[in-house]
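The structure appears right after this line, and notes come after that.
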Amino acid sequence: MSESRLRLHFLLLILLCYISPSTSFFSFKYDDSSYVACHPNQTQALTEFMNEFDSSHCNLSDPDNGVWCDKSTGAVTMLRLQTCLSGTLKPNSSLFRLQHLRHLVLDQNNFISSSLPSEFGNLNSLNTVLLSDNLFNGFEGPVDVLVNSSMKNLGIAVNCFEGEIPFLPLSINFFEASYNRFTGSIPLSICNYRSLTQLKLGYNNLTGPIPQCLSHNLTNLFLRKNNLEGSIPDAFYKSASLRSLDIGHNRLTGKIPRSLRNCSSLEFLVADHNRIEDKFPFWLKALPNLQVLILSSNKLYGSLSPPGQGPLGFPELHIFEISDNKFTGSLPPTYFVNWKASPATMNEYGDLSSNQLSGTIPNGLGSLSFLEYINVSHNQLKGEIPQGTQITGQAKSSFEGNAGLCGLPLQETCFGTIAPPTQPPKQEDEEEEVEVLNWKGVVIGYGVGLLLGLAIAHVIGSYKPEWLVQIVGPNKRRSR
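Just so it is clear: in the sequence shown, position 205 is 185 by the numbering used here, and no numbers are missing.
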């Protein structure tokens, strides 16, 4: 993979943080004024719990960590200890004596060789449990040990859990279980979760179809890198709340559902590496907030020219990746005109490589000062590559594989010849230097010879050497 392509995918990781397991829309809200001293027996249980681990990195004054207790009873109701515990979470841990816990956040700790104790089932008041990024190696009890009738937010991503997806209560609002080893299908009971806003099940081994009955309130659906089959649900009703949809790297077929046009809040649409067979979804340009559109490595076909041969549309689009499909046709001169209106603080990324595009590259592409990456390689493009600082700074590989394309950064000029190297041949310089030195030698030799001749004449005339007098004779006085 080239450096430019690596840079593109690195940026994707940043811009797609909405759908990463370490970042979520979910956040805590709590009232600082409710902070009171904890009951002595609760304080003792907390102290014993901390002593079960290496907790030297825990800073309870950190706003992201701490303990909160109920005003009237002094019972611990919230415990947040992130990125600071190291050790084994045991079934007899003092944690399970905190019977009134409602919010438990133990993300990004190092629970060495720990299974999730079945004693979690005794904490009946829990409605928020976040245990992501701990490498738990399974459940000691049933898979739904963390679930109770009041559970609203459950995060268990980046662990080693296996088996089927746990049964969730109807009250669930947030469920994140990406980066595990879950198998089986997405349960049809998901259709009953009317309060569910975020469902993240990416990077597992799930099979079967995506249920055709998604919650109207769903804002984030992350199913990337599974083995899901069938079609994409065409169940996005008017005023749907969806903001992020990532179903990439599955085995999905069929068409891009037209009901997505109802998702006016949609910002991220990622469906790469599937078997979707459809024309380019120009109708998506009706979505005013769409920033990322990734449809690479599918069976998409047809013209990329918008109806009426106008601009591409998508006024907020910053990442446009449609490589490795079967798109045809040419790109109109105004194809990228909307990108000019984008804020200068946002860079643009476009990958149209490995299609069957023809014609010339729109000249407007060369004037995009904030174009970070463009790839049109392996098409049937021709003519001169538009020149501009951002274009000439692209890798040569971004334009290769187009027999009729010429101009920088390719070596082929647009006059049918190979562009000369940037450094002139040294041989010509050496020959020119020798020629100059030869002329200098002639001039210097002529000057030295002339001066030497004059000096000799002066000596002869002044001192009249004896050998010359003998030849010429002494001066004779003229007679008057």
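Cβ coordinates follow ideal geometry from the N, Cα and C atoms, glycine included.
Local Cβ density within 10 Å of residue i, reported as buried at 16 or more and exposed below that
i	result
N172	exposed
G228	buried
L150	exposed
T177	buried
I190	buried
L115	exposed
F119	buried
F162	buried
N305	buried
F29	buried
P122	exposed
Q79	exposed
L168	exposed
T369	exposed
F395	exposed
P71	exposed
Span separating the alpha-carbon of residue i from that of residue j
i	j	result
P268	A17	50 angstroms
G46	A251	40 angstroms
P213	S195	11 angstroms
L134	L106	10 angstroms
T346	E352	According to the sequence shown, residue 346 is Gly rather than Thr. Answer to the nearest angstrom: the Cα atoms are 12 angstroms apart.
L249	S221	14 angstroms
K205	Q24	45 angstroms
H477	H83	Since the first residue shown for the chain is -19 and the last is 460, residue 477 is missing from the structure and cannot be characterised.
M58	V138	23 angstroms
L126	G293	46 angstroms
K180	E144	15 angstroms
K362	P312	14 angstroms
F141	I92	15 angstroms
K259	F300	16 angstroms
I341	I274	21 angstroms
Y329	G384	24 angstroms
G282	G339	15 angstroms
N21	G188	49 angstroms
L103	L284	56 angstroms
L280	I236	10 angstroms
S349	I371	9 angstroms
E32	R60	16 angstroms
N184	S158	7 angstroms
K9	C386	Residue confidence for K9 is low, a pLDDT of 43 falling below 50, so the modelled location carries little weight; the figure read from the coordinates is stated next. Cα to Cα, K9 sits roughly 58 angstroms from C386.
E156	G309	42 angstroms
G101	H358	57 angstroms
G54	L26	13 angstroms
Cβ-based neighbour list, residue i, same chain, cut-off 8 angstroms, excluding 5 preceding and 5 following
i	result
S303	S276, S277, D331, L332, S333, S334, N335 and N355
G453	In this prediction, G453 has a pLDDT of 42, which is less than 50 and means its spatial position is unreliable; nothing more can be read from the coordinates.
T233	E209, G210, S211, N254, R255, I256 and E257
N343	P313 and P366
C38	M30, N45, L61, C64 and L65
Assigned secondary structure, residue i (DSSP; H/G/I helix, E/B strand, else coil)
i	result
C140	coil
F300	strand
I274	strand
C171	helix
R231	strand
K376	helix
F202	strand
F485	The question about residue 485 has no answer here: the residues shown for the chain are numbered -19 through 460.
R241	helix
S41	coil
K132	coil
V123	coil
E247	coil
N104	coil
R77	helix
S165	strand
Alpha helix (DSSP H) segment containing residue i, residue limits
i	result
Q370	T369 to T372
L26	P20 to N31
Enclosing beta strand (DSSP E) for residue i [first to last residue]
i	result
M58	V56 to R60
T108	T108 to L110
S283	Y281 to S283
I190	Counting along the chain, I190 falls outside any beta strand (DSSP E), and DSSP gives it neither H nor E.
C394	Careful: C394 lies outside any beta strand (DSSP E) and carries neither H nor E.
S338	Q336 to G339
W48	G46 to C49
Y217	No beta strand (DSSP E) contains Y217, which DSSP labels as neither H nor E.
H83	H83 to V85
Own chain, CB closer than 6 angstroms to residue i, minus 5 neighbours either side, in chain order
i	result
E247	R223, N269 and Q271
S239	D214 and F216
R241	W263 and A266
L388	T372
Neighbourhood of residue i by C-beta, 7 angstroms cutoff - its chain only, sequence neighbours within 5 removed
i	result
P286	F262, L292 and G293
D124	P146 and F147
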